[in-house]
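Notes follow the structure.
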Amino acid sequence: MTEKLQPLSMKMKLPDEIVRFLDEQNIVIVSTFDENENIHCSVKGIIGSEEAEKIFIIDVYKKRTYKNLKRNPKVSITAVDEQKFKGYTLQGKAKLILQKKITQDVLEKYEERITRRISNRVIKGIQKCTKSAKLHEVELPLRPQYLIEIEVENIIDLSPPKAKK
Numbered sequence: 821m822t823e824k825l826q827p828l829s830m831k832m833k834l835p836d837e838i839v840r841f842l843d844e845q846n847i848v849i850v851s852t853f854d855e856n857e858n859i860h861c862s863v864k865g866i867i868g869s870e871e872a873e874k875i876f877i878i879d880v881y882k883k884r885t886y887k888n889l890k891r892n893p894k895v896s897i898t899a900v901d902e903q904k905f906k907g908y909t910l911q912g913k914a915k916l917i918l919q920k921k922i923t924q925d926v927l928e929k930y931e932e933r934i935t936r937r938i939s940n941r942v943i944k945g946i947q948k949c950t951k952s953a954k955l956h957e958v959e960l961p962l963r964p965q966y967l968i969e970i971e972v973e974n975i976i977d978l979s980p981p982k983a984k985k
């Protein structure tokens with residue numbers, strides 16, 4: 821059973837616990853609505869937050885998610901940590917920031933995240949004594965197509981009651 825947290829006002833900061841949780845995530849599931857109001861889910865890289873008021877998601881492809889958000893800015897992102905048995909869905913409104921308007925600070929965070937993902941994948945391969953799979957992150961473009969800036973309006977805690985203790 822999910823538990824709704826208090827809805828946020830547009831300028832209210834995200835709780836520190838959620839900012840830290842999202843910072844530990846490499847990817848999130850982004851849910852949007854298509855032209856027929858069907859839900860479309862896609863895996864995207866998370867960059868982090870700005871002053872804990874907005875969440876930044878990188879999209880390197882500019883396909884269905886982009887088209888859906890242009891039409892309808894309602895969005896939710898879901899992140900789950902299966903080891904900690906913890907997760908959140910954040911709902912809100914998205915603003916699309918095109919490639920040429922993405923700040924240098926965000927681009928640096930993107931590069932740091934990609935480097936961290938590659939490092940983690942290599943380390944896990946070494947720990948398991950397995951040959952590393954192809955490092956798909958190496959093939960990602962240096963500049964993402966656009967950035968999804970989300971003003972969070974509602975947070976849903978997906979953790980089961982016993983995991984919240």
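Letter 8 of the sequence shown, counting from 1, is numbered 828 in this note's numbering, and no numbers are missing. Even glycine gets a Cβ: it sits at the ideal position worked out from N, Cα and C. Because the structure is a prediction, the values reported are computed rather than measured.
C-alpha gap between residue i and residue j, whole angstroms
{"i": "V895", "j": "Q911", "result": "6 Å"}
{"i": "S979", "j": "K882", "result": "32 Å"}
{"i": "E855", "j": "T885", "result": "11 Å"}
{"i": "N940", "j": "S851", "result": "26 Å"}
{"i": "T923", "j": "T935", "result": "19 Å"}
{"i": "A914", "j": "N888", "result": "11 Å"}
{"i": "K890", "j": "P981", "result": "37 Å"}
{"i": "D977", "j": "G945", "result": "32 Å"}
{"i": "A899", "j": "Q947", "result": "25 Å"}
{"i": "F853", "j": "C949", "result": "42 Å"}
{"i": "I838", "j": "N858", "result": "28 Å"}
{"i": "Q903", "j": "N974", "result": "24 Å"}
{"i": "P835", "j": "T909", "result": "14 Å"}
{"i": "F905", "j": "I938", "result": "24 Å"}
{"i": "Q919", "j": "K929", "result": "15 Å"}
{"i": "L927", "j": "D901", "result": "25 Å"}
{"i": "L842", "j": "G865", "result": "11 Å"}
Buried or exposed by the 16-neighbour rule on C-beta atoms within 10 Å, applied to residue i
{"i": "R933", "result": "buried"}
{"i": "F876", "result": "buried"}
{"i": "E931", "result": "exposed"}
{"i": "V942", "result": "exposed"}
Closest Cα partner of residue i within the set the options
{"i": "I917", "options": "G945, K887, Q965, I938", "result": "Q965"}
{"i": "D925", "options": "V839, I847, R936, R963", "result": "R963"}
{"i": "I968", "options": "V863, R941, R936, Q903", "result": "V863"}
{"i": "I818", "options": "G945, I847, Y908", "result": "Summary: the structure shown does not reach residue 818, with the chain confined to residues 821 through 985, and so no result is reported for it."}
{"i": "I849", "options": "I943, G907, K921, V942", "result": "G907"}
{"i": "E844", "options": "P835, G868, E873, I938", "result": "G868"}
{"i": "H860", "options": "E837, I897, F841", "result": "I897"}
{"i": "E971", "options": "L842, D836, P893, K929", "result": "P893"}
Presumed contact (8 Å Cβ cut-off) between residue i and residue j, rounded CB distance
{"i": "K921", "j": "E873", "result": "Not quite, the Cβ-Cβ distance comes to about 18 Å (not below 8 Å), so this is no contact."}
What ranges does the beta strand (DSSP E) occupy inside the region 845-869, keeping only unbroken runs of at least 3 residues that lie completely in it? Fully enclosed beta strand (DSSP E) runs of 3 or longer: 847-853.
Output the residue ranges of the beta strand (DSSP E) runs that lie fully inside the region 895-941 and measure 3 residues or longer, sorted by chain position. Scanning the region 895-941 for uninterrupted beta strand (DSSP E) segments of 3 residues or longer gives 906-918, listed from N- to C-terminal end.
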